[in-house]
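Student: Residues 22 to 176 in our numbering are what the sequence shown lists, from first letter to last. Using N, Cα and C, we set each Cβ at its ideal position, and we do this for glycine too.
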Amino acid sequence: MNDAPNSIFSLILSGEIPSHKIYDDDFVYAFLDINPLTRGHTLVIPKENAPTMDTLSEDSAASLGRVLPKICRAIMQVTGAINYNLIQNNGEAAGQTVNHLHIHIIPRYSDSEHSFVWANQPIDHLDAKNIAESISAAFSNFLRSNLWAAEDNSG
């Protein structure tokens, strides 16, 4: 996986590599994927150099959240797509190929054949109870210790 400072997305943001820009503000840049799965396949990236969602600052995350619905609506209107997928992978083992956070907006058409369906399994309720409690406690600890604020300034 490419390092974020030297990634293709960093080169696009710096203007060293051209792109088909869809949206640009102080925090977010959106452009057409050069290897689209479908017509209108768009990548939305933070300008902040963050490899994964958990390393992204709250300001950049909020900016992504504000603009994603608007970009999705514009893509749907212009392409005539009937639905769309939002795909965001965190880490190489999860399928991330560029070490810079990015969200794919992939329009779905009546003849679209790609699939992101996986084989699910019934939940183990005892394990679910334990992991839900543990995650909730970790979340509360992060909030109390303000660790997220320190991590937001690290990258």
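Determine the direct distance from the alpha carbon of K91 to that of A83, and round the result to whole angstroms.
Tutor: Against the sequence shown, residue 83 aligns to sequence position 62. Against the sequence shown, residue 91 aligns to sequence position 70. Each residue's Cα considered, the two are about 14 Å apart.
Student: Once the 5 residues before and after H178 are set aside, which same chain residues still bring their CB inside 6 Å of it?
Tutor: Only positions 22 to 176 of the chain appear in this structure, which leaves residue 178 out of reach.
Student: Does the structure place the stretch 145-155 close enough to the stretch 123-135 that three or more beta carbon pairs sit under 8 Å?
Tutor: With the cut-off at 8 Å, the stretch 123-135 and the stretch 145-155 do not touch.
Student: Taking buried to mean at least 16 other C-beta atoms within 10 Å of its own C-beta, is A140 buried or exposed?
Tutor: Along the sequence shown, one-based indexing puts residue 140 at 119. By the neighbour-count rule (16 or more Cβ atoms within 10 Å), A140 is not buried but exposed.
Student: For D54 and D75, I'd like the C-alpha separation in whole angstroms.
Tutor: Residue 54 sits at position 33 when you count from the first residue of the sequence shown. Residue 75 sits at position 54 when you count from the first residue of the sequence shown. Those two C-alpha atoms are separated by around 23 Å.
Student: Using a 10 Å radius around the Cβ and a threshold of 16 neighbouring Cβ atoms, would you call P72 buried or exposed?
Tutor: Counting from 1 along the sequence shown, the entry for residue 72 is found at position 51. Buried is the call here.
Student: With DSSP as the reference, identify every bridge partner of T63, one or two as the case may be.
Tutor: Residue mapping note: residue 63 aligns to position 42 of the sequence shown, counting from 1. In DSSP, T63 forms a bridge with L53, I126.
Student: How is L107 classed by DSSP in three states: helix, strand or coil?
Tutor: Taking the first residue of the sequence shown as 1, we reach residue 107 at position 86. It is a strand residue.
Student: With distances taken between CB atoms, is the gap from H125 to H62 smaller than 8 Å?
Tutor: Within the sequence shown, numbered from 1, the residue matching residue 125 stands at position 104. Within the sequence shown, numbered from 1, the residue matching residue 62 stands at position 41. Yes.
Student: DSSP three-state call for V138: helix, strand or coil?
Tutor: Indexing the sequence shown from 1 puts residue 138 at position 117. V138: coil per DSSP, three-state reduction.
Student: State the start and end residues of the unbroken alpha helix (DSSP H) segment that holds I96.
Tutor: Sequence index remark: in the sequence shown, residue 96 carries index 75 (1-based). Element bounds for I96: 79-100.
Student: If you reduce the DSSP assignment to three classes, tell me which class K150 lands in.
Tutor: Position 129 of the sequence shown holds residue 150. Three-state result, K150: helix.
Student: Evaluate H121 with the Cβ neighbour count: other Cβ atoms within 10 Å of its Cβ, from every protein chain shown; 16 or more gives buried, anything less gives exposed.
Tutor: Here residue 121 is taken as the residue at index 100 of the sequence shown, counted from 1. Flag for H121 reads buried.
Student: Going along the chain, which residues of its own chain have a beta-carbon closer than 6 Å to the beta-carbon of A171, five neighbours each way excluded?
Tutor: For this step, residue 171 is matched to residue 150 along the sequence shown. Because A171 sits at a pLDDT of 43, beneath the cut-off of 50, its placement in the model cannot be relied upon, and the following sentence gives the value as read from the coordinates. Here the set comprises nothing.
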